[in-house]
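Let me begin by presenting the structure, written as structure tokens, before commenting on it.
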Amino acid sequence: MSDDDHSPISTREASRLFAGLKSAPALVLAVSGGPDSVALMWLMARWQRSLARAPRLTVVTVDHGLRREAAREAREVKRLAAELGLPHRTLRWRGAKPRTGLPAAAREARYRLLADAAHAVGASHVLTAHTRDDQAETLLMRLLRGSGLAGLSAMAPFSERDGIVLARPLLDVSKSQLIATLKRAKVGFADDPTNRDTAFTRPRLRVLLPLLAAEGGDIRNLARLATRLARANAAVEVLADGAERFLRLRDRGDAPQAGQRSFEASAFAALPDEVRLRLLLRAINALGHEGPAELGKVETLMSVLDQAIAASLRAGTDRRPILKQTLAGALISLAGGRIQIAPAPARRRKGGIGAGEGGS
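So this is what it looks like as structure tokens:
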């Protein structure tokens with residue numbers, strides 16, 4: 539993009555941003571009515587008209603039922619979509635809303651509804667208007683929460699959910715450029731007051747961004763850091779893939795039973811820490827039944843496992859379990875020089891972590 543973050547996005551720049559989407563049969567645009575998503579809709583409509591054969595576009599607005607203004611904003615998006623010649627649907631998040639973790643729950647509901655809408659219209663992609671500013675804020679949020687390398691990679695340009703590709707074509711575009719684009723086109727947009735509500739984490743961090751920028755931590759540099767961490771994360775994933783193949787080759791006749799994963803303990807212990815951590819995460823998330831494992835708890839498990847492996851190597855090949863622990867609905871055990879991961883028996887009662895359990 540242009541070095542001038544306040545310049546409107548040109549037709550040529552928009553064509554480059556959306557070039558990878560030309561062959562899609564249909565696309566769903568997630569448009570809330572704010573400047574970012576309205577700009578995405580306007581730019582996509584202009585891009586569609588420039589193509590001889592273009593994907594079908596459907597605009598979807600999700601009303602979370604959390605603000606009175608949301609219904610009016612959805613109607614305004616519908617009006618603008620009609621002016622652009624685009625079909626529009628409003629989807630509502632119904633049911634009781636949680637008292638805690640509301641932003642995360644709303645986000646989960648939004649993506650679920652968007653994926654359902656994409657399936658309904660035969661779309662291969664859902665497009666969101668996340669910007670460079672959003673990427674920088676996401677990096678900061680995850681940094682403060684102590685995320686690992688994968689989390690610090692922030693948002694990917696493309697990801698997958700429920701058989702639908704989530705595309706974020708504006709990740710390298712600043713919010714100010716999108717606002718400049720709308721001002722030049724004389725297109726209005728809504729102002730969501732929750733974006734300034736310091737009861738939520740993201741708006742509180744947004745207030746700090748000018749102070750960070752004064753020390754060199756501006757939005758562009760933070761987003762660039764997320765990109766570099768994403769490259770490093772992709773490289774570690776390749777190493778983990780290779781390590782998984784290596785461990786399988788060493789297994790020979792000791793392949794695990796169906797529905798289990800198994801590693802030779804001594805070979806596993808020789809791998810780099812980050813690779814071993816990812817192999818454990820993959821196995822636990824694949825076989826557990828209580829949701830994704832928390833990184834910190836898997837790190838604790840790996841530390842306990844390291845101690846158990848060292849003890850087992852000193853003790854010889856005793857087949858009795860040296861370690862037996864549950865985490866995120868998976869059972870991890872060490873016996874006979876092998877690490878076994880399998881689905882854990884369902885818990886009979888709720889409560890704290892019992893003896894020998896790692897929790898979830």
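Just so you know, this note's numbering puts 701 at position 163 of the sequence shown, and the rest follows in order with no gaps.
Ideal placement from N, C-alpha and C gives every residue a C-beta, glycine not left out.
Note that the coordinates shown come from a computational prediction; the quantities given were computed from them, not determined experimentally.
Query, Result
"Same chain, Cβ closer than 6 Å to V615, neighbours up to 5 away in sequence not counted", "V569, G571 and T599"
"DSSP beta-bridge partners of L869", "T864 and A880"
"Reduced DSSP category for E802 - H, G, I as helix; E, B as strand; rest coil", "strand"
"Extent of the continuous alpha helix (DSSP H) run through Q607", "First, the residue type needs correcting, since residue 607 is Glu and not Gln in the sequence shown. Residues E607 to E621."
"Presumed contact (8 Å Cβ cut-off) between S850 and G875, rounded CB distance", "6 Å"
"Coil, strand or helix - H657 by DSSP", "helix"
"Assigned exposure category for L677 - 16 Cβ within 10 Å defines buried", "buried"
"Inter-residue CB distance, L691 and N771 (contact presumed, cutoff 8 Å)", "This sequence places Ser at residue 691; Leu is not what is there. Confirmed, about 5 Å."
"Rounded C-alpha distance that separates R594 from P563", "6 Å"
"Rounded C-alpha distance that separates G890 from E832", "Any reading at G890 must be qualified, since the residue scores a pLDDT of 45, below 50, and its modelled position is unreliable; no value is offered."
"Identified DSSP bridge partners for L818", "Paired residues: none, contrary to the question."
"Coarse secondary structure for F738, derived from DSSP in three states", "coil"
"Pairwise C-alpha distance: A643 and R637", "10 Å"
"Same chain only: Cβ atoms within 6 Å of A667, ignoring 5 sequence neighbours per side", "D574, S575, L578 and L708"
"Residue burial classification, G660 (beta-carbon count within 10 angstroms, cutoff 16)", "exposed"
"C-beta contact flag for L819 and V836 at 8 Å", "yes"
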